[in-house]
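Note sheet for the following structure.
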Amino acid sequence: MKLTRCIPLIAATIVLPQIGFAQDAVEPAAPGFDEIGPYIMTTLLFLIGGFLVMWMAAGFAMLEAGLVRSKNVTMQLTKNIALFGIAAILYYIVGFNLMYPGDGWTIPGYLGALFVPTALEPVGLDAASADLGYASVGSDFFFQLMFCATTASIVSGTLAERIKLWPFLIFVVVLTGFIYPIEASWQWGGGWLSEMGFSDFAGSTIVHATGGFAALAGALVLGPRIGRYRDGRSVPMPGSNLALATLGTFILWLGWFGFNGGSQLAAGTVGDIADVSRIFANTNTAAAGGAVAALILTQVLYRKPDLTMTLNGALAGLVSITAEPLMPTLGGATLIGAIGGVIVVFTVPLLDKMKIDDVVGAIPVHLVAGIWGTLAVPLSNADTSFVTQIIGVVSIGVFVFVVSLIVWFIINAIMGLRASEEDEIAGLDVSEMGMEAYPEFSKS
Amino acid sequence: MKLTRCIPLIAATIVLPQIGFAQDAVEPAAPGFDEIGPYIMTTLLFLIGGFLVMWMAAGFAMLEAGLVRSKNVTMQLTKNIALFGIAAILYYIVGFNLMYPGDGWTIPGYLGALFVPTALEPVGLDAASADLGYASVGSDFFFQLMFCATTASIVSGTLAERIKLWPFLIFVVVLTGFIYPIEASWQWGGGWLSEMGFSDFAGSTIVHATGGFAALAGALVLGPRIGRYRDGRSVPMPGSNLALATLGTFILWLGWFGFNGGSQLAAGTVGDIADVSRIFANTNTAAAGGAVAALILTQVLYRKPDLTMTLNGALAGLVSITAEPLMPTLGGATLIGAIGGVIVVFTVPLLDKMKIDDVVGAIPVHLVAGIWGTLAVPLSNADTSFVTQIIGVVSIGVFVFVVSLIVWFIINAIMGLRASEEDEIAGLDVSEMGMEAYPEFSKS
Amino acid sequence: MKLTRCIPLIAATIVLPQIGFAQDAVEPAAPGFDEIGPYIMTTLLFLIGGFLVMWMAAGFAMLEAGLVRSKNVTMQLTKNIALFGIAAILYYIVGFNLMYPGDGWTIPGYLGALFVPTALEPVGLDAASADLGYASVGSDFFFQLMFCATTASIVSGTLAERIKLWPFLIFVVVLTGFIYPIEASWQWGGGWLSEMGFSDFAGSTIVHATGGFAALAGALVLGPRIGRYRDGRSVPMPGSNLALATLGTFILWLGWFGFNGGSQLAAGTVGDIADVSRIFANTNTAAAGGAVAALILTQVLYRKPDLTMTLNGALAGLVSITAEPLMPTLGGATLIGAIGGVIVVFTVPLLDKMKIDDVVGAIPVHLVAGIWGTLAVPLSNADTSFVTQIIGVVSIGVFVFVVSLIVWFIINAIMGLRASEEDEIAGLDVSEMGMEAYPEFSKS
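Residue numbers (full-length UniProt numbering), protein chains in the order written: chain A, 1 to 444; chain B, 1 to 444; chain C, 1 to 444.
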């Protein structure tokens, strides 16, 4: 790549010699690395964090493909790759500017952001035009987009095996273009929740509980799978591929380092990069706590250790620490995660008692553990008030749940959410997709 | 790692105190971080980009293993890990120096590069000996090697389910040691295409169409699988594991951030790192555009959304944006990717009409969308001429296709490319490998 | 994330303006990026290296899930996620401080470290309190923890398909909390092996052979699987999913860049980042050498290329280069890796002759190739003595093997290591876990 190489080389030869005598230069010299280092490091943090969170989309796809029955695997895979594509486009067209309206916090200004697609900074951005105290806008957009997509990934698991493709994807349009950006702007866009002192570092509530509330609303409108609850008991419908489910969990665990670590939003000072390190260590130990707690608890309760509960325990540990991965000690983070794991083990059967059919356990993991994580913030962060945390959870919860419910109702009324009974029994892969995921393997 | 730790510590204690009074030192002082920061950042970009592109080898392996029938999965996996190993060795022995002959651009100098294996810089490279305007040679080699391996990965998918292992691997030797380095040197080695103004940022043509041309030549020599075309119609042979195929697509999507982002070849200035950010955002949205376009188009055309087309649509979006991931706006990148997705949906049946049997769709994705991406560069990059782009595509295409064709013919004449009819019907796993990929699962 | 954003912004506005006139400031100014750059880069190296090595846990899980029979897949997945969780907790509670006792190298000081759980640095660490010649303690802990977990991952593969869950996990507690930290402290904690001049850059012996010795002890106590050796011959028990096994190998290959590259322990000078680049390139080519050597050798020996041998060949190449990934040339690294691949092909049948049943081949890959790699260090590193290398391998080997043997005996005596004959034949998934990994696919 010689020729292309020349461009940075030439740029370097222009920039570097000026560093030594910058003070003497008549016209403003390009800033030295001393001045731009923090900008570069934070941008790099967003890029690394962003690709790790993007990888979580694959994690959700594998987790869900592994936990549905084989007759619905193609559908679940399609939903996952489609929702990620849609989230990327919607967040670009409306979401990002709606979430970060800048100075446009009057109602007309805010609504005006609706019509402004995201624009990246110019190619070869000049250092003088850059916000050297922050990072590249493109990297920030890339990073934030992945959070938006995660919210949609959460919903697809709960509603699996019965919802049709297009109604689901239409909901994803509303969720990623509007619902998520609006509630997220309350906090991360500088809105009223942030002014009130609400604290949700990387989104236990803003991302995970939000996905969970939207999923819960959908599950209520949609109803349980055929045969899932019979004679007052829940009938297990085991996942078709636990290797994929485990792979998905490991992918999510890995991606979460980007999710929480990147949310430090800075990496150019000793304090910031050391904080990112704390966050990595705490995130990991919370997942470990959740996994081990769920493993031990299922052994004690059911006399058999339960793999899917252990996987969900790890994920619940991750969700729990997401609201505050920085302040706790390693021991505190382990406990916060472990309680997340315990919550999953108790909430999964509870949902079944309420006949809310959540195929992959996304509501216990993302909604319930997300609330727990948000309410646990004051335990380690003295600047946060328990009451404010409750206000934040309730207001986001009510908004997301009610709006989602309305949207689900409307879509249902217009085109029907649910596959026909016949199609559901045959499996959505044959009926809706015309393509089996494992066509050569006979089903028992 | 205390002891080993001491080395950097000692180095730091030698270097750091000199920073403050570097001007006063009598002998030349070690350069401060201000001077070496850009070198370190670009090296890091290559290392991160390199491991992401290495990960694409796993993506191709999973994509292809998922799209072949279960009786050929072990073979396909073997080809993928073997081709990556061979590419690594060949690119080290001849490829890298052949591709970057440095000042040896006379014919004898160029051919002389044939006999010089890649040598890394000395251990503990002194800053005074380093090219501070660029990056570590080792990191550059590592990064470039992965592009060479990608070219070979593309070929293996098209020719699956009928080509024998060793003839394929011998072709890989020629492709990764000679064909790819030679054509790539025309542009990235500072050769005539680069002097002419051809523009192919990360290799829509130089990597992807090249792999596609080599695959096309192989497919023509090899012929279609037994029973693939019958009575003038193509008989579908569905992939055995769409979960793996989807996983492979997500892996490739992730790896592409390194593929395109690393091709900025610099990360040590505000302009460069902001450009890398642009590239990440554009790469992602192009993939999203390709996936969503293919999904919608298959729904419209076939009344059913098609998962494999959606996966290939995402990949085609990625290939399309690879020739110019920097200059387009987010909207432009989305459209360029979407057109890539549309191309796939129309090209796959076209190949079938021509009875060219491309098992995984690599020719539509990498060759056709690669050409599209290369020709689309002038849309966003005013410095690039449409005519030059055509000259680049045609010259690389003719060279790669003709040489590949000759090599395939020679290998075929000497040892036969194709498994026997009996072996192909039994599946290459049993006949050639003696090992099934899923030995316990009965085939329907 | 506006509000949270403000914190780094404010920090930046406080720090940045001081850079220019740091010498004039009356009170000590915050150090400029010139001074903190190396600290930030090394911390980042640990974080990236750490998440890559964490990803290896998924690699082991997939490799092992693919190489066991389908009736034991759920169990193998459970072991892998559980052992990672346990390693994370144990290394936090005792391992890290036991391994790095700091100045407490007297016996009481060393044992005192037993009771000190790892504490992270304070939030928002002040640059004046940071060890600017090294890196954030949190990032170091995160990175080192992953090495400890890797040791446990190695053991689980060998003992698969017959050991019960809880006895295995109890051994993991001892291994990750005590055995690994103690022997690792001999070298990396500044102990007697490091003082003697033993050289093991990233742990061919300290991590891989250690895992292998612990596995060997377990295999001897446990005995082979039922029916594995019959009439003096070994009965093949083919893995159930070679796609997963291949995926696992690619994951491990990727993660190894972090394993070896991060072990440079510094990234803030030209020499260090160039060395990390050398390590990446050498690590990759050693894996390639191992894979290609095993592929060719199995073709020659058995007339059929063997995928699982090729996968293990790649892994053996990686293990072989781990003791010294920096000093060899690319050619030397390729050869060192290739010999590792050859070792695997010859050692696997040797173990079978000794009726040591190693389900995934972890002993050939991690123990035998680990010893080879350690003894090969003097070939490229003149500062290392062959005799010292032997002393290191033998002393670690004896310690790990004997202590492991004792621990396995004790656990066996108390609760029994092995599943009942009936349970083993039925498969551990049904008998111990009550959950099949692929419940819908009929077994042939």
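Cβ coordinates follow ideal geometry from the N, Cα and C atoms, glycine included.
Check, Outcome
"Let me know the beta strand (DSSP E) ranges lying completely inside the region 96–122 of chain C, each 3 residues or longer, listed in chain order.", "none"
"Whether or not the region 387–405 of chain C and the region 186–203 of chain C are in contact is what I'm after, with contact meaning three or more pairs of Cβ atoms, one per stretch, closer than 8 angstroms; do they touch?", "yes"
"Is there a C-beta anywhere in chain B that falls below 8 angstroms from the one on Ser426(C)?", "Ser is not the amino acid found at residue 426(C); the sequence shown has Ala there. By this cut-off, Ala426(C) is not an interface position."
"Would Trp37(A) count as contacting chain B if we go by Cβ distances under 8 angstroms?", "Sequence inspection shows Gly at residue 37(A); the Trp mentioned does not correspond to that position. Judged by the 8 angstroms Cβ criterion, Gly37(A) is in contact with chain B."
"Report yes or no: is there a C-beta of chain B within less than 8 angstroms of the C-beta of Ile86(A)?", "yes"
"With three or more beta-carbon pairs closer than 8 angstroms as the criterion, would you say the region 251–262 of chain A touches the region 215–234 of chain A?", "no"
"Buried or exposed for Gln23(C), going by 16 or more other Cβ atoms inside 10 Å?", "Bear in mind that a pLDDT of 43 at Gln23(C), under 50, signals an unreliable position, so the model cannot answer this."
"Does DSSP put Ser234(C) in a helix, a strand or coil?", "strand"
"Would DSSP call Arg278(B) helix, strand or coil?", "helix"
"Between the beta-carbon of Trp372(B) and the beta-carbon of Ile396(B), is there less than 8 angstroms?", "no"
"With DSSP as the reference, please indicate the residues paired to Tyr180(B) in a beta bridge.", "None, per the DSSP bridge assignment."
"How many angstroms separate the CA atom of Glu121(B) from the CA atom of Gly138(B)?", "7 angstroms"
"Give the secondary structure of Phe441(B) by DSSP, where H, G and I count as helix, E and B as strand, and everything else as coil.", "strand"
"What's the gap between the Cα of Ser153(B) and the Cα of Ala243(C)?", "16 angstroms"
"Anything in chain C within Cβ reach of Ile371(A), meaning under 9 angstroms, just list it in chain order.", "Chain C residues near Ile371(A): none, gap ~20 angstroms exceeds 9 angstroms."
"Using only alpha-carbon positions, find the residue among Gly190(C), Ser204(C), Gly361(C) that is nearest to Met309(C).", "Gly361(C)"
"At a Cβ threshold of 8 angstroms, is residue 456(A) touching chain C?", "Residue 456(A) falls outside the range modelled here, since chain A spans only 1 to 444, and no answer is possible."
"Using 8 angstroms as the threshold, is the region 92–101 of chain A in touch with the region 290–302 of chain A, meaning 3 or more CB pairs across them?", "no"
"Output, in chain order, the set of chain A residues within a Cβ distance shorter than 8 angstroms of Asn284(B).", "Met54, Ala88, Phe142, Leu145"
"With 8 angstroms as the C-beta to C-beta threshold (strictly closer), list the residues of the region 397–423 of chain A near chain B in chain order.", "none"
"Out of Glu440(A), Leu297(A), Gly261(A), Pro305(A), state which residue places its alpha-carbon closest to the alpha-carbon of Gly50(A).", "Gly261(A)"
"Looking only at C-alpha atoms, which of Thr334(B), Ile81(B), Leu417(B) sits nearest to Leu295(C)?", "Ile81(B)"
"Between Thr329(B) and chain A, is any beta-carbon pair separated by less than 8 angstroms?", "yes"
"May I have the straight-line CA-CA distance separating Leu350(A) from Arg230(A), to the nearest angstrom?", "16 angstroms"
"Could you check whether the Cβ of Ala22(C) sits closer than 8 angstroms to any Cβ belonging to chain A?", "A caution first: Ala22(C) carries a pLDDT of 39, below 50, which makes its placement in the model too unreliable to give a value."
"List in chain order: all unbroken alpha helix (DSSP H) runs of 4+ residues lying wholly within the region 264–341 of chain A.", "270–302, 307–322"
"Can you confirm whether Pro181(C), when its beta carbon is compared against all beta carbons of chain B, has any partner nearer than 8 angstroms?", "no"
"Is it true that the CB of Gly124(B) sits closer than 8 angstroms to the CB of Gly271(C)?", "yes"
"Is Met56(B) buried or exposed, if buried means 16 or more other CB atoms sit within 10 Å of its CB?", "buried"
"Would you list, in sequence order, the uninterrupted alpha helix (DSSP H) runs of no fewer than 4 residues that lie entirely inside the region 349–398 of chain A?", "369–375, 377–380"
"Considering only residues of the same chain and omitting the five flanking positions on each side of Phe386(A), which have a CB-CB separation below 8 angstroms?", "Leu375, Pro378"
"Between Val53(C) and Met146(C), which are expected to be in contact by the criterion C-beta below 8 angstroms, what is the C-beta distance as a whole number of angstroms?", "4 angstroms"
"Where does the unbroken alpha helix (DSSP H) through Trp256(A) begin, and where does it stop?", "242–262"
"Can you list, in chain order, the residues of its chain with a C-beta nearer than 6 angstroms to that of Ser240(B)? Leave out the 5 residues immediately preceding and following it.", "Arg69, Ser70"
"Examine the Cβ distances between the region 407–418 of chain B and the region 160–179 of chain B and report whether three or more of them are shorter than 8 angstroms.", "yes"
"Checking contacts by CB at 8 angstroms: is Leu77(C) closer than that to chain B?", "no"
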